[in-house]
Amino acid sequence: MYVAPKTKELYHSNLAQRIRSILRPYLNNPNQQACRPLPFSSDPGHIFAFSVDPNREDRIVIHMWSAGSHVVFYDTSHKKPLCGVLAANGLLEIPLASLRKNDCKPIEVRMDKGGSSAILHYRYAFQIKTGFTNAYGLEAPMSWYWRTEFITIPRASRGLY
1 MYVAPKTKEL
11 YHSNLAQRIR
21 SILRPYLNNP
31 NQQACRPLPF
41 SSDPGHIFAF
51 SVDPNREDRI
61 VIHMWSAGSH
71 VVFYDTSHKK
81 PLCGVLAANG
91 LLEIPLASLR
101 KNDCKPIEVR
111 MDKGGSSAIL
121 HYRYAFQIKT
131 GFTNAYGLEA
141 PMSWYWRTEF
151 ITIPRASRGL
161 Y
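Residue 1 is where the sequence shown starts when you use the UniProt record's numbering, and the numbers rise one by one after that.
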């Protein structure tokens, strides 16, 4: 499929603007809380989230995925009252039964070339089937969060930017 160079340029420009608009409040915060990069590798059959705390809405996790990564994200898991137990890797392991009960549908994503990134809510559940990620956590000031209007991401790209 041929894509005109101007179309590609416009797409990349719009994508870069979208990413900047998402990250701006986190990076412009003079007292930002960022965690060091945390590596997580494949662990098929185990589903994780960074938190299940419904009271904090000001955190995101930026994932940088390796080549050949195959990940399952669970749609709307960040909005549901999930339960989880502390796992050996420091994350919370989310039982599949909890995701099913809350109607969180799996979205499989393959990142063949790597270098792919995902900006996710810190409650978003995921399973790494193959590959690995380096994850960076960011926190924005609460005063910013309450002024923000979030937009719905199209289903085809939900969870990925």
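Quick reminder that beta carbons are idealized off the backbone N, C-alpha and C, glycines included.
In chain order, P106, E108, Q127 place their CB closer than 6 Å to the CB of V72, counting only its own chain and leaving out the 5 sequence neighbours on each side.
In the DSSP assignment, A97 falls within the unbroken alpha helix (DSSP H) covering 96-101.
Here H121 has H78 as same chain residues with Cβ atoms under 6 Å from its own Cβ, once five neighbours each way along the sequence are excluded.
Across the set L86, S42, H70, F40, the C-alpha of H70 shows the shortest separation from the C-alpha of G114. Considering only L91, T133, A118, the residue with the shortest C-alpha distance to I47 is L91. The criterion of a C-beta distance shorter than 8 Å is not satisfied by T130 and H63. Partner residues in a beta bridge of Q17, as assigned by DSSP, do not exist. Assignment of beta-bridge partners to Y124 by DSSP yields no partner. In this structure L82 does not touch A118 by the C-beta definition: roughly 19 Å separates them, more than the 8 Å allowed.
For N102, the closest C-alpha among the options R110, E93, T76 is that of T76. When rounded, the separation of the alpha-carbon atoms in A125 and E93 is 9 Å. No residue range can be given for S77, since it is assigned to no beta strand (DSSP E) and is classified by DSSP as neither H nor E.
With respect to the 8 Å criterion, R100 and V52 are not classified as neighbours on the basis of their beta carbons.
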